[in-house]
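Undergrad: This structure is in structure tokens; I'll ask about it shortly.
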Amino acid sequence: MNLSDLQTPALILDREAFGHNLKTMAERFPGTTLRPHVKAHKSTDIAAQQAATGHIGFTCATIKEVESLANAGLGSDLLLANEVTDARRLGVCAESTGARITVAVDSEFTVNAAASGGVREVLIDVNIGLPRCGVAPEAAGRLADFARSKGLHVRGVMGYEGHLMMVSNARDQTDKVAKAFALLTQAAEQAGGEIISGGGTGTFMIHHQLKVLTEVQCGSYVLMDTDYAKHGFNLRQALFLLATVISVTNQGSDNGWLVIDCGLKANGMDHGNPSVPGGDVWFCSDEHITVAPHREGPLATAKVGDKVLVVPAHCDPTVAYHEQYWTIAGWPEGEPIASIAVQDRWPVDMRGW
Ligand SMILES: Cc1ncc(COP(=O)(O)O)c(C=O)c1O
Numbered sequence: 000m001n002l003s004d005l006q007t008p009a010l011i012l013d014r015e016a017f018g019h020n021l022k023t024m025a026e027r028f029p030g031t032t033l034r035p036h037v038k039a040h041k042s043t044d045i046a047a048q049q050a051a052t053g054h055i056g057f058t059c060a061t062i063k064e065v066e067s068l069a070n071a072g073l074g075s076d077l078l079l080a081n082e083v084t085d086a087r088r089l090g091v092c093a094e095s096t097g098a099r100i101t102v103a104v105d106s107e108f109t110v111n112a113a114a115s116g117g118v119r120e121v122l123i124d125v126n127i128g129l130p131r132c133g134v135a136p137e138a139a140g141r142l143a144d145f146a147r148s149k150g151l152h153v154r155g156v157m158g159y160e161g162h163l164m165m166v167s168n169a170r171d172q173t174d175k176v177a178k179a180f181a182l183l184t185q186a187a188e189q190a191g192g193e194i195i196s197g198g199g200t201g202t203f204m205i206h207h208q209l210k211v212l213t214e215v216q217c218g219s220y221v222l223m224d225t226d227y228a229k230h231g232f233n234l235r236q237a238l239f240l241l242a243t244v245i246s247v248t249n250q251g252s253d254n255g256w257l258v259i260d261c262g263l264k265a266n267g268m269d270h271g272n273p274s275v276p277g278g279d280v281w282f283c284s285d286e287h288i289t290v291a292p293h294r295e296g297p298l299a300t301a302k303v304g305d306k307v308l309v310v311p312a313h314c315d316p317t318v319a320y321h322e323q324y325w326t327i328a329g330w331p332e333g334e335p336i337a338s339i340a341v342q343d344r345w346p347v348d349m350r351g352w
């Protein structure tokens, strides 16, 4: 099967770039110093390959992600880095699969939910500046004591600096991340335990130098998107969308455009429009992207029926719209997109909640 045989829009994974990203991060963060966040890709096939490079523990955002990994035999150390008010499915999952499951807590309510749901281990989630989940750093010790009083093992603390991922000035970003993680260190001293977990694809280089964390939680690194590409890391774009040209207007004029069948229902749009190499995206609607082709390049003479690539602006929500990845070996120089061979189908099997 070639790319031209696929129904579009279709999620495409470039195995060469993907392999490069896996290897790069396995070298930088060997073994358990990286706990990949699976919400970025939602695929047990991808998780299995991360585990094969030594990253055997995973970070999850949903109970469904925990269950999927455990059922796929990837449950040696799963962290649900999110609060849940009903942990019974986690308890059942641990019992039935033997998975080691740790859940984040930031209130007495979520501690009680973990204990009564059959979860045995928790991380104290600490607010280090992102107004989302997390206790105040000075309250971490108290909550850890409360968790212990309920019979739970407190493995340590986590904090997520999502508000600092895209700070464009490198020195400014380093200063802000250092300040945020000084708060987490303070919380860790009070809460006890051996784990200090946090970080993401926008900050992993800083964490590599700061050495506050015992593990980083990067997720997007393995697929990448145009937003994180702005950082200029040595990571490659592995995720694409394949689309088909369905309409062409005023070709060759200054006011020409193409319409492709890959709109905002196939693209996570919270980080802006996706990119279309060889053109400027004018706008996205439900099932269309309208693109002005550059005078020269891959779209200059595009015809109805041609295949076109789209690069997502935000990988996580984009992936969650799709049922599967179609993998290819890479993008051979000069080969038309349509004739590139499809290797495998990897289900996006951690979708849902
Ligand atoms: C708790 C948590 N950890 C880590 C991450 C990092 O993910 P990424 O590397 O995709 O930025 C996120 C992303 O939102 C997150 O919510």
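Position 189 of the sequence shown, counted from 1, bears residue number 188 in numbering that gives the first Met the number 0, the numbering being contiguous throughout.
Glycine included, each C-beta is placed from N, C-alpha and C at the ideal position.
#1: Does the Cβ of Thr96 have 16 or more other Cβ atoms within 10 Å, making it buried, or fewer, making it exposed?
#2: Return the first residue and the last residue of the alpha helix (DSSP H) that Arg141 is part of.
#3: Enumerate in chain order the residues of its own chain whose CB-to-CB distance from Ser219 is below 6 angstroms, with the five nearest sequence positions on each side excluded.
#4: Any heavy atom of ligand 1 closer than 7 angstroms to the beta-carbon of Tyr324?
#5: Run the proximity test for Gly74: is its beta-carbon closer than 7 angstroms to any non-hydrogen atom belonging to ligand 1?
#6: With a threshold of 6 angstroms on Cβ separation, who are the neighbours of Trp256 within its own chain once the five nearest residues in sequence on each side are excluded?
#7: Output the distance between the C-alpha atoms of Glu94 and Asp348, rounded to the nearest integer angstrom.
#8: Do the CB positions of Ile100 and Val83 come within less than 8 angstroms of each other?
#9: Would you tell me roughly how many angstroms separate the C-alpha atoms of Val134 and Pro8, rounded to the nearest one?
#10: Give every residue of the same chain whose Cβ lies closer than 6 angstroms to the Cβ of Arg88, excluding the five residues on either side of it in the sequence, and list them in chain order.
#11: Runs of 4 residues minimum, wholly inside the segment 178-209: which ones carry the alpha helix (DSSP H) assignment?
#12: Using only the heavy atoms of ligand 1, determine whether one of them is closer than 7 angstroms to the beta carbon of Met24.
#13: Anyone know if the C-beta pair for Val125 and Leu183 falls short of 8 angstroms?
#14: Going by CA-CA distance only, name the one from His207, Gly192 and Glu193 that's closest to Ala177.
#15: Can you tell me the Cβ-Cβ gap for Lys41 and Ala319, rounded? I've got them flagged as a contact below 8 angstroms.
#16: Taking the alpha-carbon positions, what's the Phe282 to Asn1 distance?
#17: Nearest CA to the CA of Thr52: which residue from Asn168, His36, Val65 and Thr23?
#18: Against chain C, with Cβ distances strictly below 8 angstroms, would Leu77 count as a contact?
#19: Threshold first: 4 residues or longer. Then list the alpha helix (DSSP H) segments lying entirely within the segment 33-109, N to C.
#20: Please work out which residues of its chain come closer than 6 angstroms, Cβ to Cβ, to Glu15, disregarding the five sequence neighbours upstream and downstream, and give them in chain order.
#21: Run the CB neighbour count on His54, radius 10 Å, all protein chains shown included, and call it buried at 16 or more, exposed below.
#22: Measuring from the CB of Thr200, is there a heavy atom of ligand 1 at a distance below 7 angstroms?
#23: Leaving aside the five residues before and after Glu193 along the sequence, list all residues of the same chain whose C-beta is less than 6 angstroms from its C-beta, in chain order.
#24: Would Ile327 and Lys306 qualify as a contact pair, given that the criterion is a beta-carbon distance under 8 angstroms?
#25: CB-CB under 7 angstroms to Leu222, same chain, minus the five flanking residues each way: which ones, in chain order?
#26: Tell me whether Gly231 counts as near ligand 2, meaning its Cβ is closer than 7 angstroms to at least one heavy atom of that ligand.
#27: Below 8 angstroms on the Cβ atoms is my contact criterion, and I expect Ser3 with Ser338 to pass it. Report the Cβ-Cβ distance as a whole number of Å.
TA: Put simply:
#1: Answer is buried; the Cβ neighbour count reaches 16.
#2: Counting along the chain, the alpha helix (DSSP H) containing Arg141 begins and ends at Ala139 to Ser148.
#3: Excluding positions up to five away in sequence, the list reads Ala39, Thr200, Tyr227 and Cys314.
#4: It does not: the Cβ of Tyr324 is nowhere closer than 7 angstroms to a heavy atom of ligand 1.
#5: Checking every heavy atom of ligand 1 against the Cβ of Gly74, none is found closer than 7 angstroms.
#6: Excluding residues within five positions, the ones whose Cβ falls inside 6 angstroms are Thr248, Thr289 and Ala291.
#7: Those two C-alpha atoms are separated by around 22 angstroms.
#8: For Ile100 and Val83, no; Cβs fall outside 8 angstroms.
#9: Taking the straight line from one Cα to the other gives about 42 angstroms.
#10: Closer than 6 angstroms at Cβ, skipping near neighbours: Ile62.
#11: Runs found: 203-209.
#12: Taking the Cβ of Met24 as the reference point, every heavy atom of ligand 1 lies at 7 angstroms or farther away.
#13: If you check the CB distance, Val125 and Leu183 come in under 8 angstroms.
#14: Minimum Cα distance to Ala177 is reached at His207.
#15: Lys41 to Ala319, Cβ: 6 angstroms. Contact.
#16: Between Phe282 and Asn1, the alpha-carbon positions lie close to 29 angstroms from each other.
#17: Of Asn168, His36, Val65 and Thr23, the residue nearest in Cα terms is Thr23.
#18: Structure shown: chain C not included; a single protein chain is present.
#19: The qualifying runs are 43-51, 62-70 and 87-96.
#20: So the qualifying residues of the chain are Gly329.
#21: Buried is the call here.
#22: Thr200 has its Cβ nearer than 7 angstroms to a heavy atom of ligand 1.
#23: Excluding sequence positions up to five before and after Glu193, its CB lies within less than 6 angstroms of the CB of Gly155, all in the same chain and listed in chain order.
#24: Not a contact, by the Cβ cut-off of 8 angstroms.
#25: Annotation for Leu222: Ala39, His40, Ala237, Leu238 and Cys314 place their beta carbon closer than 7 angstroms to its own, counting only its chain and skipping 5 residues before and after.
#26: Within the structure as shown, ligand 2 is missing, the only ligands being ligand 1.
#27: In this structure Ser3 touches Ser338 by the C-beta definition: roughly 7 angstroms separates them, less than 8 angstroms.
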